[in-house]
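A short write-up of the structure that comes next.
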Amino acid sequence: MREVAVVGVGMTKFGRSEKTILEMFSEAALEAIADSNLQVKDIQALFFGTVYGGFAEGQMNMASFAAHALGAHNIPAVRYEGACATASVAIREAFIWVASGFYDIVLAGGSERTLVMDTSYSTRLYEMGSHHAYECPTGITFPGVFALMANLYASKYGIAPEKLKEQMALVAIKNHHNAMFNPKAQFHKEITLEDVYNSPMVASPLQLYDCCPFTDGAAAVVLAPAEMARKLVAKPIRIAGIGQASAGPLYAQKDITRIKARELAAKQAYDMAGLTPKDIDVVELHDCFTIAEIVASECLGLFDFGEASAAVARGETQLKGRIPINPSGGLKAKGHPIGATGAAQVYEIVKQLRGEAGERQVEGAKVGLTDTLGGDLATVANIILRK
Amino acid sequence: MELKLTTKEFLEALRQDKLLGLRCRACGAVHTPPAAICPECDSLDMDIVELSGRGKIRTYTVIWTAPEGFQPPYIVSLVELDEGPWLMGNILGVDPNTADMSLIGRRVKLGHRVLPGDRYSAGEKVAITFATED
Chain A
1 MREVAVVGVG MTKFGRSEKT ILEMFSEAAL EAIADSNLQV KDIQALFFGT
51 VYGGFAEGQM NMASFAAHAL GAHNIPAVRY EGACATASVA IREAFIWVAS
101 GFYDIVLAGG SERTLVMDTS YSTRLYEMGS HHAYECPTGI TFPGVFALMA
151 NLYASKYGIA PEKLKEQMAL VAIKNHHNAM FNPKAQFHKE ITLEDVYNSP
201 MVASPLQLYD CCPFTDGAAA VVLAPAEMAR KLVAKPIRIA GIGQASAGPL
251 YAQKDITRIK ARELAAKQAY DMAGLTPKDI DVVELHDCFT IAEIVASECL
301 GLFDFGEASA AVARGETQLK GRIPINPSGG LKAKGHPIGA TGAAQVYEIV
351 KQLRGEAGER QVEGAKVGLT DTLGGDLATV ANIILRK
Chain B
388 MELKLTTKEF LEALRQDKLL GLRCRACGAV HTPPAAICPE CDSLDMDIVE
438 LSGRGKIRTY TVIWTAPEGF QPPYIVSLVE LDEGPWLMGN ILGVDPNTAD
488 MSLIGRRVKL GHRVLPGDRY SAGEKVAITF ATED
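Protein chains in written order, with the numbering used here: chain A, 1 to 387; chain B, 388 to 521.
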């Protein structure tokens, strides 16, 4: 297996866009290709992710169209879908083909357009992450799944519900603060505890500010063998470890404060990199809901089980804390165009490790971790990146 | 290889408030809804069994922002059945406006509710429901 590096990254500004899914992807992809000191004709294959492309625009066979749209007219192009983990799944596939020697230069990423759909229709579509026959008929929603997690977390670890609510709110406040320094984030607005508590209830105990927004956006990365990467760019970022695992529907997972797919995927990534959670300097993880960040940070080994919510309150995950989590603003405030999110996480970690993250730079970061979760905790992909 | 118990058969039983599952002949584990092989030991040798439908609420939420076709508020829970499996279901007979953490641990019994299908549901929806017993 060859060593693989990220040679270029690109992403659109996240938020509301008037552009099509493929236009957004072209912008992100062309930025990533330029960032790699390459040209479109150098790209040998496209690993493209989108989740609701067909629902938002009525378009099938999007990978082929995506390659065409950015001017890579005839290269093989494949679409990936792993719910909100889509782009990370696509990047992992791209990694495997470059590592194997089959391709040298590949493009991977994703694009999503959600704001053309109204909230009730979007909520129906996102519910598709639950089992269609055994769970969807209850009217479960994506926030509902994480609300089930929050109440189980409070009950299992004996944390007073009011205390957990405050700790969760601190996650949202932190991520909104970080996004202030990210020009590509959807929100540039500090929020307070009162803002969270006064926001509408979505699925108790989660209120609107516990939830990531609907977002339009795209992100892309270019991968190359490490040896080639060193000749292409001044600061190639190596993929030191990568992992992916699955877990099936929620009912089969039982205690959802322990996300088995994540624990397995992270172990694969740590083992491949020869690293432990203590070696990680900066993390972009899947904070689709505030409780999701708390539970993810435990499953990734950054905190003991049942301890992360208190660590948030102690400031350990802030930009200047012991282990900065979501310096980009995370899904919560940077935004969550679901098919693009994994690539946007890699974008952030690459910028951090290159020292190009501006006011949100984590000083001295050498090793970064991404974590992307798809559906009802059913697909998780992790990537460890190194200078 | 033909599956022992299909979704259609499971849902037809659920419409009679019967909860079908599979018991593994190799390890004795019981699971529901049906799976192709035993989730505990991967054996293919399983018998169809009827579960009690009784268990306790492990966690819950009140949904206030609903997908199209649903009228909030309503309660969704994860229930641990006496035989071991967990199921998602609506809690009936409890006012969603006053539901709180004291629901966790309450004993419940399985039922069902039939809802009209939508364009993605491949027919009518049959929701698992639970009524409190204590």
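For every residue, glycine included, the Cβ atom is placed at its ideal position computed from N, Cα and C.
Find the nearest neighbour of residue i within the set the options, judged by alpha-carbon distance.
i: glycine 8/A; options: Gln361/A, Thr372/A and Lys351/A; result: Lys351/A
i: valine 4/A; options: Cys84/A, Ile75/A, Ala160/A and Ile105/A; result: Ile105/A
i: threonine 452/B; options: Val202/A, Leu319/A, Asn37/A and Ala340/A; result: Val202/A
i: isoleucine 33/A; options: Glu23/A, Val6/A, Tyr52/A and Thr341/A; result: Val6/A
i: leucine 409/B; options: Ser464/B, Arg494/B, Ile450/B and Leu438/B; result: Leu438/B
i: valine 78/A; options: Gly49/A, Ser100/A, Phe95/A and Trp97/A; result: Gly49/A
i: glycine 339/A; options: His286/A, Ala28/A, Gly274/A and Thr86/A; result: Thr86/A
i: tyrosine 209/A; options: Ile294/A, Asn198/A and Asn326/A; result: Asn198/A
i: leucine 250/A; options: Gly129/A, Gly110/A and Leu232/A; result: Gly129/A
i: tryptophan 473/B; options: Gly456/B, Asp482/B and Gly442/B; result: Gly442/B
Report the neighbours of residue i on chain B: residues whose CB is nearer than 7 Å to its CB, in chain order.
i: glutamate 135/A; result: Met475
i: methionine 201/A; result: Trp451
i: leucine 250/A; result: Met475
i: glycine 144/A; result: Thr448, Ile450 and Val463
i: lysine 254/A; result: Trp473
I want to see whether chain B comes within less than 8 Å of residue i, judged by CB atoms only; does it?
i: alanine 381/A; result: no
i: isoleucine 280/A; result: no
i: threonine 114/A; result: no
i: arginine 124/A; result: yes
i: tyrosine 197/A; result: no
i: leucine 264/A; result: no
i: glutamate 127/A; result: yes
i: leucine 148/A; result: yes
i: serine 204/A; result: yes
Compare the C-beta of residue i with all C-beta atoms of chain A and state if any pair is closer than 8 Å.
i: serine 508/B; result: yes
i: proline 503/B; result: no
i: valine 417/B; result: no
i: phenylalanine 356/B; result: Past the boundaries of the shown model lies residue 356/B; chain B is included only from 388 to 521, so the question cannot be answered.
i: valine 463/B; result: yes
i: threonine 394/B; result: yes
For a contact meaning CB atoms closer than 8 Å, what does residue i contact in chain B?
i: asparagine 151/A; result: Thr446, Tyr447, Thr448, Met488 and Ile491
i: serine 120/A; result: Ala453, Pro454 and Glu455
i: isoleucine 140/A; result: Ile450, Val463 and Met475
By the criterion of Cβ-Cβ separation under 8 Å, what are the contact partners of residue i in chain A?
i: lysine 512/B; result: Cys136 and Pro137
i: leucine 398/B; result: Ala133
Just to confirm, are residue i and residue j a CB contact at a threshold of 8 Å?
i: isoleucine 491/B; j: asparagine 477/B; result: no
i: phenylalanine 102/A; j: tyrosine 126/A; result: no
i: leucine 388/A; j: arginine 238/A; result: Nothing about residue 388/A can be reported from this structure: the residues present for chain A run from 1 to 387 only.
i: leucine 223/A; j: alanine 108/A; result: yes
i: glycine 342/A; j: threonine 372/A; result: yes
i: glycine 471/B; j: valine 417/B; result: yes
Can you pull the chain A neighbours of residue i, defined as C-beta to C-beta under 9 Å?
i: glutamate 437/B; result: Within 9 Å Cβ-Cβ: nothing; glutamate 437/B doesn't reach chain A, min ~17 Å.
Residue i touches chain B at which residues, Cβ-Cβ below 9 Å?
i: proline 161/A; result: Asp487 and Met488
i: serine 155/A; result: Arg445, Thr446, Met488, Ile491 and Gly492
Cβ contact check for the region 233–246 of chain A and the region 264–271 of chain A: 3 or more pairs under 8 Å
In the pairwise beta carbon analysis, the region 233–246 of chain A is classified as touching the region 264–271 of chain A: at least three pairs are separated by under 8 Å.
Pair every Cβ in the region 244–255 of chain A with every Cβ in the region 56–71 of chain A, then say whether three or more of these pairs are closer than 8 Å.
No, because fewer than three Cβ pairs between the region 244–255 of chain A and the region 56–71 of chain A fall closer than 8 Å, the two stretches do not touch.
The region 83–93 of chain A in contact with the region 315–329 of chain A per 3-pair CB rule at 8 Å:
Touching, no.
Contact between the region 301–318 of chain A and the region 335–346 of chain A: three or more CB pairs below 8 Å?
Result no; under three Cβ-Cβ pairs closer than 8 Å.
Counting Cβ pairs closer than 8 Å, one from the region 358–372 of chain A and one from the region 69–77 of chain A, do we hit at least three?
Three or more Cβ pairs closer than 8 Å define a contact, and the region 358–372 of chain A falls short of that threshold against the region 69–77 of chain A.
Do the region 116–132 of chain A and the region 493–503 of chain B touch if we need at least three Cβ pairs shorter than 8 Å?
Not touching, per the Cβ criterion.
When you compare the region 94–101 of chain A with the region 23–40 of chain A, are there three or more beta-carbon pairs, one atom per stretch, that lie closer than 8 Å?
At 8 Å Cβ cutoff, the stretches do not touch.
Segment contact, 8 Å Cβ cut-off, at least three pairs: the region 213–221 of chain A with the region 388–408 of chain B:
With a cut-off of 8 Å, the region 388–408 of chain B and the region 213–221 of chain A do not count as touching, because too few Cβ pairs lie within range.
Validate contact between the region 182–190 of chain A and the region 426–443 of chain B using beta carbons, cut 8 Å, 3 pairs:
With the cut-off at 8 Å, the region 182–190 of chain A and the region 426–443 of chain B do not touch.
Given 8 Å as the limit, is there contact between the region 146–160 of chain A and the region 288–295 of chain A, that is, 3 or more CB pairs closer than that?
Output reads yes: the region 288–295 of chain A touches the region 146–160 of chain A.
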